[in-house]
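Colleague: Going down the list, the sequences are from chains A and B. So for the first sequence, UniProt numbering puts the first residue at 1; every next one is plus one. So for the second sequence, UniProt numbering puts the first residue at 1; every next one is plus one. Virtual Cβ for every residue (Gly too), placed ideally from N, Cα, C.
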Amino acid sequence: MSSTITKLVTPLKEEADSLLSASKPLTATPTTNRLIRRKADFSTLIEALEYAAQGETGYNFYDSKGNLKSVIPYKFLRERALTVAKKLAGFGLPRHSRVALIADTTPAFVELFFACRYAGLVPFAMPVPVNLGSHAIYVQQLRGMLESSQASLALAELDFVGFLEEATAGLRNAEFKWCGTPQQLEQLPEIDVEQSANTPNETAYLQFTSGSTRLPRGVVITERALMSNLRGIVCDGLDIREGDRCASWLPFYHDMGLVGLVMAPLAAQLSVDYLATRDFAIRPLQWLRLISRNRCTIAFSQPFGLKLCMMRARESDLQELDLSCWRAAGVGAEMIRIDVLKNFAAKFASAGFNESAFLPCYGLAESTLAVSFPGVGQGARSLCVDTKTLIERKVAVQVQADGRKFNEFVNCGRPLAEHKIKIIGENGDELPPMMVGSILVKGSSVMTGYFNNSVETAKVVKAGGWLDTGDIGFLHEGDLYVTGRRTDVIIVNGRNIRAQDVEELAEQQPEVRTREASAFGISDENGSTSVVLVVESRLSSADDRQLLINRLQQVIYMAFGVNCLVELVHPHTLPRTSSGKLSRFAARQGFLQRNNFEKLSSKTAVQ
Amino acid sequence: MPEITQAQIAEMLCEQLASFAENEMVISAETNLITQLAIDSVKLLNLVMEIEDYFDISVPLNTLVDVLTVQDLANLIYKIKSASK
Numbered sequence: 001m002s003s004t005i006t007k008l009v010t011p012l013k014e015e016a017d018s019l020l021s022a023s024k025p026l027t028a029t030p031t032t033n034r035l036i037r038r039k040a041d042f043s044t045l046i047e048a049l050e051y052a053a054q055g056e057t058g059y060n061f062y063d064s065k066g067n068l069k070s071v072i073p074y075k076f077l078r079e080r081a082l083t084v085a086k087k088l089a090g091f092g093l094p095r096h097s098r099v100a101l102i103a104d105t106t107p108a109f110v111e112l113f114f115a116c117r118y119a120g121l122v123p124f125a126m127p128v129p130v131n132l133g134s135h136a137i138y139v140q141q142l143r144g145m146l147e148s149s150q151a152s153l154a155l156a157e158l159d160f161v162g163f164l165e166e167a168t169a170g171l172r173n174a175e176f177k178w179c180g181t182p183q184q185l186e187q188l189p190e191i192d193v194e195q196s197a198n199t200p201n202e203t204a205y206l207q208f209t210s211g212s213t214r215l216p217r218g219v220v221i222t223e224r225a226l227m228s229n230l231r232g233i234v235c236d237g238l239d240i241r242e243g244d245r246c247a248s249w250l251p252f253y254h255d256m257g258l259v260g261l262v263m264a265p266l267a268a269q270l271s272v273d274y275l276a277t278r279d280f281a282i283r284p285l286q287w288l289r290l291i292s293r294n295r296c297t298i299a300f301s302q303p304f305g306l307k308l309c310m311m312r313a314r315e316s317d318l319q320e321l322d323l324s325c326w327r328a329a330g331v332g333a334e335m336i337r338i339d340v341l342k343n344f345a346a347k348f349a350s351a352g353f354n355e356s357a358f359l360p361c362y363g364l365a366e367s368t369l370a371v372s373f374p375g376v377g378q379g380a381r382s383l384c385v386d387t388k389t390l391i392e393r394k395v396a397v398q399v400q401a402d403g404r405k406f407n408e409f410v411n412c413g414r415p416l417a418e419h420k421i422k423i424i425g426e427n428g429d430e431l432p433p434m435m436v437g438s439i440l441v442k443g444s445s446v447m448t449g450y451f452n453n454s455v456e457t458a459k460v461v462k463a464g465g466w467l468d469t470g471d472i473g474f475l476h477e478g479d480l481y482v483t484g485r486r487t488d489v490i491i492v493n494g495r496n497i498r499a500q501d502v503e504e505l506a507e508q509q510p511e512v513r514t515r516e517a518s519a520f521g522i523s524d525e526n527g528s529t530s531v532v533l534v535v536e537s538r539l540s541s542a543d544d545r546q547l548l549i550n551r552l553q554q555v556i557y558m559a560f561g562v563n564c565l566v567e568l569v570h571p572h573t574l575p576r577t578s579s580g581k582l583s584r585f586a587a588r589q590g591f592l593q594r595n596n597f598e599k600l601s602s603k604t605a606v607q
Numbered sequence: 001m002p003e004i005t006q007a008q009i010a011e012m013l014c015e016q017l018a019s020f021a022e023n024e025m026v027i028s029a030e031t032n033l034i035t036q037l038a039i040d041s042v043k044l045l046n047l048v049m050e051i052e053d054y055f056d057i058s059v060p061l062n063t064l065v066d067v068l069t070v071q072d073l074a075n076l077i078y079k080i081k082s083a084s085k
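1. Where does B:D5 sit, in a helix, a strand or coil, going by DSSP?
2. Is A:N493 close to chain B? Criterion is C-beta to C-beta, closer than 7 Å.
3. Identify the contact partners of A:G561 in chain B, using a Cβ-Cβ distance below 9 Å as the criterion.
4. For A:A351, which residues in the same chain have their Cβ closer than 6 Å to its Cβ, ignoring the five residues on either side in sequence?
5. Return helix, strand or coil for A:T10, following the three-state DSSP convention.
6. Just checking: is the beta-carbon of A:A281 within a distance shorter than 7 Å of some beta-carbon in chain B?
7. Exposed or buried, A:Q593, counting other C-beta atoms within 10 Å across all chains shown (16 or more means buried)?
8. Which residues, taken in chain order from the UniProt domain "Carrier" (3-81) of chain B, show a beta carbon closer than 8 Å to some beta carbon of chain A?
9. With a Cβ-Cβ cutoff of 7 Å, do A:T44 and A:E190 count as a contact?
10. Have a look at A:T105 and A:N427 and give me their C-alpha separation to the nearest angstrom.
11. Measuring only between beta-carbons, confirm whether A:L132 sits less than 7 Å from chain B.
12. Residues of the segment 275-308 of chain A in Cβ contact with chain B at a cutoff of 7 Å, in chain order, please.
13. A:Y205 lies in the beta strand (DSSP E); which residues open and close that run?
14. Using Cβ-Cβ distances below 7 Å, what residues of the segment 542-574 of chain A are close to chain B?
15. Please work out which residues of its chain come closer than 7 Å, Cβ to Cβ, to A:C468, disregarding the five sequence neighbours upstream and downstream, and give them in chain order.
16. Use the C-beta contact count for A:G425: other C-beta atoms within 10 angstroms, 16 or more gives buried, fewer gives exposed.
17. As an exercise, report each continuous beta strand (DSSP E) stretch of at least 3 residues that is fully enclosed by the segment 187-272 of chain A, in chain order.
18. Whole angstroms are fine: how far does the CA of A:F252 sit from the CA of A:L275?
19. Determine whether the beta carbon atoms of A:K39 and A:A268 lie at a separation below 7 Å.
20. Which residues in the same chain as A:A167 place their Cβ atom closer than 7 Å to its Cβ, once the five residues preceding and following it in sequence are excluded?
21. Using 8 Å as the threshold, is the segment 200-209 of chain A in touch with the segment 428-435 of chain A, meaning 3 or more CB pairs across them?
22. How many angstroms separate the CA atom of A:K7 from the CA atom of A:L188?
23. Would you call the CB atoms of A:G55 and A:L35 closer than 7 Å?
24. Taking just the CA atoms, how far does A:F280 sit from A:L153?
25. Any idea if A:P94 is buried or exposed, counting beta-carbon neighbours within 10 angstroms, 16 or more meaning buried?
26. Look up A:M435 in the DSSP assignment and say whether it is helix, strand or coil.
27. Residues in the segment 413-427 of chain A with C-beta within 7 Å of chain B's C-beta atoms, listed in sequence order?
28. So with Cβ pairs under 7 Å, would you call A:H254 a contact of chain B?
29. Using 8 Å as the cut-off, can you tell me whether the segment 552-568 of chain A makes contact with the segment 505-519 of chain A, which would need three or more C-beta pairs spanning the two stretches below that distance?
30. Pick out whichever of A:G133, A:V193, A:G375, A:N201 has its Cα sitting closest to the Cα of A:L359.
31. Cα-Cα, which of A:N67, A:E315, A:G162, A:E418 is closest to A:P25?
32. Between A:P303, A:I240, A:I336, A:G484, which lies nearest to A:L296 when the distance is taken from Cα to Cα?
33. List the residues of chain B that A:F160 touches, going by C-beta distances under 9 Å, in chain order.
34. Given a cut-off of 7 Å, decide if A:V128 and B:L61 are closer than it, judged by their beta-carbon atoms.
35. Would you give the residue range spanned by the alpha helix (DSSP H) that A:G464 belongs to?
36. For the segment 109-141 of chain A, which residues have a CB atom closer than 8 Å to at least one CB atom of chain B, in sequence order?
This is the structure we're talking about:
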């Protein structure tokens with residue numbers, strides 16, 4: 001293969017370039033489409049693109065200053081994807097081979113993603129590196145995903161391809177063929193291969209859910225699951241209508257960014273305005289300016305993104321914004337605290353933001369993206385439940401009397417059509433409304449499993465096709481209220497961190513033995529979560545102990561971008577179950593007691 | 001802006017970073033941003049914003065993965081600044 005690549009470095013077709021570099025200024029794709037709207041009633045993603053390509057709408061990419069950088073109408077996306085698909089065909093890969101893409105917010109990523117689908121290949125998005133000093137760990141994470149997916153190709157833009165080259169250098173996949181940039185792919189010849197059309201039962205893409213280096217899990221999403229979820233989002237969730245336009249800063253490697261703000265708009269022929277995640281994170285108000293300027297009606301964020309906007313907005317910023325157009329302000333991807341929404345609404349009310357636009361929803365990658373939505377336009381509703389009853393009896397009782405301690409939970413709405421939610425107790429029995437237990441989901445957008453990993457799949461996909469979400473909550477009048485996560489996932493500033501991954505990193509240190517580290521999250525009264533790592537240590541010198549603590553903090557930061565509280569304890573301090581497994585829950589209780597966080601313990605016992 | 005050296009950049013960063021430090025810690029070029037200053041993701045974004053505005057540069061994400069100390073960061077800024085001329 002490599003010999004063909006070097007031989008065929010011919011000048012590119014000039015058309016694509018000249019389109020972009022034409023002297024007239026760029027114009028974003030319009031909000032109004034002449035094409036009759038179809039609401040995600042397609043059987044495959046390519047069918048959705050073929051239809052959208054008949055209209056004028058599409059994707060628009062903006063730079064950090066808010067200037068329009070590239071415009072990709074769906075019509076153009078289709079042509080580009082078909083061209084790139086012919087280049088991919090040159091590799092002669094078997095149908096359904098996996099293609100890894102480092103997903104920066106660029107036109108090249110969407111072109112490649114759809115090109116893979118035209119070529120009968122299965123793409124998946126990998127994250128861009130974001131943490132200080134994370135070079136080595138990032139490369140390990142990439143390698144983990146490439147191995148777990150048994151990828152045949154890997155592509156990244158120039159900024160990131162160096163990491164891919166490092167990650168693929170020691171790769172053990174026999175099927176791995178090539179790693180390069182979209183520009184290098186562009187130089188390959190186009191090969192005409194008759195592709196059979198995609199069918200609903202085929203895998204559409206994989207979605208990785210964690211940056212674990214040892215056990216990355218790729219969620220397998222079929223065309224049927226995807227289209228079912230898109231229909232749910234477009235029809236039940238957002239009730240798409242004339243005049244809708246989306247704005248997004250969400251990363252393309254995240255399910256909410258990819259399914260919610262790349263594929264759903266396409267399936268409803270909507271235009272989208274993109275801001276790179278990095279640019280949003282540094283200057284969050286650019287997102288609000290895009291919404292205001294382009295009269296966008298739909299934009300989603302994690303609660304953390306809303307907090308960033310609040311932290312950075314000045315009075316002068318508020319005056320120049322008009323957010324009255326924003327009718328669906330989706331919030332999801334982490335526990336939603338009502339305070340964050342109330343504060344955001346209060347801050348931006350003077351800029352025309354209407355709090356009835358809030359759309360707090362629930363979902364997870366294992367069910368493609370969305371599981372439940374509240375009614376559009378009803379805003380964020382919540383329920384105040386008695387803390388004591390919640391902790392002691394796991395029942396949500398609405399507070400009646402003043403002065404009782406309570407927890408306030410956000411209403412995440414009802415399941416999408418073709419989906420059901422049930423709450424089960426520890427013995428697996430279904431619980432009645434108001435009883436707190438594990439949230440299970442069943443329906444047409446639930447994954448078929450984790451790629452090539454029946455062990456992990458069996459842990460979450462239960463009898464009857466019920467998916468155990470790993471989250472805890474209750475139902476009330478048919479609406480879902482999420483009260484917390486289980487102890488195996490720690491969510492810090494919108495990032496999901498698996499406790500197991502933190503423990504693994506600790507155990508890679510020579511001083512730490514396996515099963516002698518326990519990681520969990522603790523939350524303070526404002527709801528911010530910190531990662532805590534308790535490690536059993538035999539070191540006696542204070543200097544050695546401090547060095548180990550520093551090193552642990554550094555590797556955890558590099559891997560996850562968070563600060564970690566490290567506590568070294570004597571051997572045999574960490575509580576174990578009868579089978580010798582560490583109990584994170586008990587380890588957390590012990591940590592809170594030793595450090596006099598008793599108050600925290602009652603506050604967060606429900607989480 | 002007149003020619004600026006790596007040492008000058010490092011010195012300026014030390015001053016700026018003083019706001020992140022706890023209990024009057026002395027910040028030098030060798031200070032580790034993660035273990036000694038506990039720069040979390042929010043602080044990092046603030047820092048990048050200030051650096052971009054101050055030096056009138058754009059700091060690509062991929063370059064931060066090799067930064068551990070104040071000196072590393074100063075070298076990076078110097079490199080971007082020189083390349084953008």
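Modeller: Result, derived from the coordinates:
1. Taking the second sequence and counting its residues from 1, the one referred to as residue 5 of chain B is at position 5. A small correction: the amino acid at residue 5 of chain B is Thr; Asp does not occupy that position in the sequence shown. In the structure shown, B:T5 sits in coil (DSSP, three-state: anything other than H, G, I, E or B).
2. Position 493 of the first sequence, counting from 1, holds the residue named residue 493 of chain A. So, interface residue.
3. In the first sequence, the residue the question calls residue 561 of chain A occupies position 561. Residues of chain B whose Cβ lies closer than 9 Å to the Cβ of A:G561 are, in chain order, D40, S41, L44.
4. By 1-based counting over the first sequence, the position of residue 351 of chain A is 351. Here A:A351 has L318, L321, L323 as same chain residues with Cβ atoms under 6 Å from its own Cβ, once five neighbours each way along the sequence are excluded.
5. Along the first sequence, read from residue 1 onward, the residue named residue 10 of chain A stands at position 10. Interpretation of A:T10 is limited by its pLDDT of 39, a score under 50 that renders its predicted location unreliable; the figure taken from the coordinates is listed afterwards. Of the three classes helix, strand and coil, the one that applies to A:T10 here is coil, per DSSP.
6. Here the question's residue 281 of chain A lines up with position 281 in the first sequence. It does; some Cβ of chain B falls within 7 Å.
7. Position 593 of the first sequence holds residue 593 of chain A. With fewer than 16 other Cβ atoms inside 10 Å of its own Cβ, A:Q593 counts as exposed.
8. Taking 8 Å as the upper bound on Cβ-Cβ separation, chain A lies near residues N32, L33, I34, T35, A38, I39, D40, S41, V42, L44, L45, V48, M49, E52, S58, P60, L61, N62, L64, V65, D66, V67, L68 of the UniProt domain "Carrier" (3-81) of chain B.
9. Locating residue 44 of chain A in the first sequence gives position 44, where the first residue counts as 1. Locating residue 190 of chain A in the first sequence gives position 190, where the first residue counts as 1. No, the Cβ-Cβ distance between A:T44 and A:E190 is not below 7 Å.
10. The residue labelled residue 105 of chain A in the question sits at position 105 within the first sequence. The residue labelled residue 427 of chain A in the question sits at position 427 within the first sequence. In a straight line, the C-alpha of A:T105 is about 44 Å away from that of A:N427.
11. Sequence index remark: in the first sequence, residue 132 of chain A carries index 132 (1-based). Proximity of A:L132 to chain B, defined by a Cβ-Cβ separation below 7 Å, is satisfied.
12. The residues in question are R278, A281, I282, R283.
13. Counting from 1 along the first sequence, the entry for residue 205 of chain A is found at position 205. Note, A:Y205: beta strand (DSSP E), 203-208.
14. Identification of residues in the segment 542-574 of chain A having a C-beta nearer than 7 Å to some C-beta of chain B yields N550, Q553, Q554, Y557, G561, V562, N563, given in sequence order.
15. What you label residue 468 of chain A is simply residue 468 of the first sequence in a count that begins at 1. Contrary to the premise, residue 468 of chain A reads as Asp rather than Cys in this sequence. S438, L440, V460, K462.
16. Taking the first sequence and counting its residues from 1, the one referred to as residue 425 of chain A is at position 425. Exposed, because fewer than 16 other Cβ atoms sit within 10 Å of the Cβ of A:G425.
17. List check, beta strand (DSSP E) in window: 203-208, 218-222, 246-248.
18. As a first step, residue 275 of chain A must be located in the first sequence, where it is residue number 275. As a first step, residue 252 of chain A must be located in the first sequence, where it is residue number 252. Rounded to whole angstroms, the gap between the alpha carbons of A:L275 and A:F252 is 11 Å.
19. Indexing the first sequence from 1 puts residue 39 of chain A at position 39. Indexing the first sequence from 1 puts residue 268 of chain A at position 268. Yes, the pair counts as a contact, with Cβ atoms nearer than the cut-off.
20. As a position in the first sequence, residue 167 of chain A is number 167, starting the count at 1. A distance below 7 Å between beta-carbons, with the five flanking residues on each side excluded, links A:A167 to the following residues of its chain, in chain order: V139, L142, R143, L146.
21. Flag = no, the segment 200-209 of chain A and the segment 428-435 of chain A do not touch.
22. In the first sequence, residue 7 of chain A corresponds to position 7, counting from 1. In the first sequence, residue 188 of chain A corresponds to position 188, counting from 1. With a pLDDT of 36 at A:K7, under the threshold of 50, the modelled position of this residue cannot be trusted, and the question is left open.
23. Your numbering for residue 55 of chain A matches position 55 in the first sequence. Your numbering for residue 35 of chain A matches position 35 in the first sequence. Between A:G55 and A:L35, the gap from beta carbon to beta carbon is short of 7 Å.
24. The sequence position of residue 153 of chain A within the first sequence is 153, counting from 1. The sequence position of residue 280 of chain A within the first sequence is 280, counting from 1. For A:L153 and A:F280, the distance between alpha carbons rounds to 30 Å.
25. Translated into positions along the first sequence, residue 94 of chain A becomes position 94. Per the 10 Å Cβ criterion, exposed.
26. Taking the first residue of the first sequence as position 1, residue 435 of chain A is located at position 435. In the three-state scheme derived from DSSP, where H, G and I count as helix and E and B as strand, A:M435 is classed as strand.
27. So the list is empty, because no residue satisfies the distance condition.
28. What you label residue 254 of chain A is simply residue 254 of the first sequence in a count that begins at 1. No, A:H254 does not count as interfacial toward chain B.
29. Yes, the segment 552-568 of chain A is in contact with the segment 505-519 of chain A.
30. For the purposes of this step, residue 359 of chain A is identified with residue 359 of the first sequence, where counting begins at 1. The shortest Cα separation from A:L359 among A:G133, A:V193, A:G375, A:N201 belongs to A:G375.
31. For the purposes of this step, residue 25 of chain A is identified with residue 25 of the first sequence, where counting begins at 1. Of the listed residues, the one whose Cα sits closest to A:P25 is A:N67.
32. Locating residue 296 of chain A in the first sequence gives position 296, where the first residue counts as 1. Inspection of the sequence shows that residue 296 of chain A is occupied by Cys rather than by Leu. Nearest C-alpha to A:C296: A:I240.
33. Here residue 160 of chain A refers to the residue found at position 160 of the first sequence. For A:F160, the chain B residues whose Cβ falls inside 9 Å of its Cβ are L61, N62, in order along the chain.
34. As a first step, residue 61 of chain B must be located in the second sequence, where it is residue number 61. As a first step, residue 128 of chain A must be located in the first sequence, where it is residue number 128. A contact, by the Cβ cut-off of 7 Å.
35. Within the first sequence, residue 464 of chain A is the residue found at index 464, counting from 1. From DSSP, A:G464 is part of no alpha helix (DSSP H); its letter is neither H nor E.
36. Listed by position, the residues of the segment 109-141 of chain A near chain B (Cβ gap below 8 Å) are V128, P129, V130, N131, L132, G133, S134, H135, Y138.
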